[in-house]
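Structure, as structure tokens:
Numbering (the numbering used here), first residue to last: 12 to 373.
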């Protein structure tokens, strides 16, 4: 009986994978139920530990476009240069494969340069590149000054560590703060102290979380359901949750402090200042502040007694833009009824000339 059920299940799965779910997919190793191509990938990894070289081997065997399946996660690997270029230039492929596990770090939404999607990703990317360049990113002179300062501090700390521990020094996590300081100098215009207890706690959380992902990452990618199971059984998910909470709290404190002193409103000294300034600048785009701005412009350009004319719109761009936006999102007559003058077809459907024909696009 059990054997019969297994045979039926495998038959149904192979039929579905070949003719429905996996129809017209690029070639690749044979996919097994639940496991996908994990067996073939595991055998290949024993010979070729490096992931990208392992992918190259599969491409040599099956062609420049290969389908692999990590347990329940299906992926397509592309090696051909021209195909890669076409894919990267297409807006269809802008999104990232993000799930709830990943979104925990960004308040349950696909945010940021790495995990953002679509139009919001393009906006934040464009803004970040421009702003970071304004503060020296990509410019040798600006970067050299920051790196030189951090290198001097690094060597000083190394000398102190050698004096305390002797000629053999444990370098675990030693460079982490230096790397963070180089990045943070562009973001916040300041650097962390190596002895900052809060920072050391965050670094430890990052290190622990990285070790957890290195040990379980492939399994969690192949079987996402284990993320919930492992969290409940081992508690490792709580460590990751604590890391995210600590980092969010730390950065929130920095933002609250910046908003409290409010220097950024008059002088933007770093990336965070510019970011907060832009947020405040556009704060009224979807609120009643818009109405207040329109009112100010009308009072300034027309006054309380004059009557507005069409020619005045050139000196009132904000009011004109607001009125145009209201007309764009409103729908005065959403169902416009007409009748064709002759019998016709639309998408293989026949529309008689006596029929009333309406379209709705809102």
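In this text, a Cβ means the ideal position worked out from N, Cα and C, and glycines have one as well.
Please return the same chain residues whose Cβ sits closer than 7 Å to the Cβ of residue i, not counting the five positions on each side in sequence.
i, result
"residue 126", "107, 109, 113, 117"
"residue 94", "75, 76"
"residue 66", "88"
"residue 139", "124"
"residue 434", "There is no way to answer for residue 434, as the model of the chain reaches only from 12 to 373."
Under 7 Å: does the beta carbon of residue i sit that close to some heavy atom of the ligand MN?
i, result
"residue 287", "Among the components of this structure there are no ligands whatsoever, and the ligand MN is therefore not found."
Any idea if residue i is buried or exposed, counting beta-carbon neighbours within 10 angstroms, 16 or more meaning buried?
i, result
"residue 35", "exposed"
"residue 38", "exposed"
"residue 52", "buried"
"residue 83", "exposed"
"residue 97", "exposed"
"residue 283", "buried"
"residue 119", "exposed"
"residue 310", "exposed"
"residue 315", "exposed"
"residue 188", "buried"
"residue 79", "buried"
"residue 48", "buried"
"residue 275", "buried"
"residue 182", "exposed"
"residue 251", "buried"
"residue 339", "exposed"
Between the C-alpha atoms of residue i and residue j, what's the straight-line distance to the nearest angstrom?
i, j, result
"residue 91", "residue 70", "9 Å"
"residue 63", "residue 89", "11 Å"
"residue 266", "residue 260", "10 Å"
"residue 256", "residue 291", "25 Å"
"residue 5", "residue 312", "Because the chain spans 12 through 373 in this model, residue 5 falls outside it and cannot be assessed."
"residue 308", "residue 326", "9 Å"
"residue 41", "residue 254", "39 Å"
"residue 55", "residue 237", "24 Å"
"residue 16", "residue 44", "14 Å"
"residue 269", "residue 194", "18 Å"
"residue 335", "residue 200", "41 Å"
"residue 129", "residue 103", "9 Å"
"residue 166", "residue 58", "40 Å"
"residue 170", "residue 158", "18 Å"
"residue 121", "residue 206", "33 Å"
"residue 46", "residue 162", "47 Å"
"residue 192", "residue 146", "15 Å"
"residue 155", "residue 86", "40 Å"
"residue 208", "residue 164", "18 Å"
"residue 216", "residue 273", "31 Å"
"residue 263", "residue 214", "17 Å"
"residue 337", "residue 331", "10 Å"
"residue 271", "residue 141", "26 Å"
"residue 72", "residue 190", "40 Å"
"residue 115", "residue 81", "22 Å"
"residue 111", "residue 100", "27 Å"
Please list, in chain order, all residues of the same chain as residue i whose beta carbon is under 8 Å from its beta carbon, the five residues on each side excluded.
i, result
"residue 74", "37, 38"
"residue 123", "117, 135"
"residue 173", "180"
"residue 4", "Lying before the first or after the last residue shown, residue 4 is absent from the chain, which here runs from 12 to 373."
"residue 105", "128, 129, 132, 133"
"residue 12", "none"
Leaving out the 5 sequence neighbours to the left and right, which residues in its chain are closer than 6 Å to residue i when beta-carbon positions are compared?
i, result
"residue 76", "37, 89"
"residue 210", "203"
"residue 279", "285, 288"
"residue 177", "none"
"residue 50", "none"
Does DSSP put residue i in a helix, a strand or coil?
i, result
"residue 122", "coil"
"residue 47", "strand"
"residue 86", "strand"
"residue 218", "helix"
"residue 81", "strand"
"residue 109", "coil"
"residue 322", "helix"
"residue 255", "helix"
"residue 265", "helix"
"residue 59", "coil"
"residue 374", "Given that the chain is displayed from residue 12 to residue 373, the structure contains no residue 374 and the question cannot be resolved."
"residue 36", "coil"
"residue 70", "helix"
"residue 160", "helix"
"residue 15", "helix"
"residue 328", "helix"
"residue 446", "The requested residue 446 is not part of the displayed model; the chain covers only 12 to 373."
"residue 129", "helix"
"residue 145", "helix"
"residue 138", "helix"
"residue 92", "helix"
"residue 192", "helix"
Inside the segment 272–311 only - alpha helix (DSSP H) runs reaching at least 4 residues:
282–292
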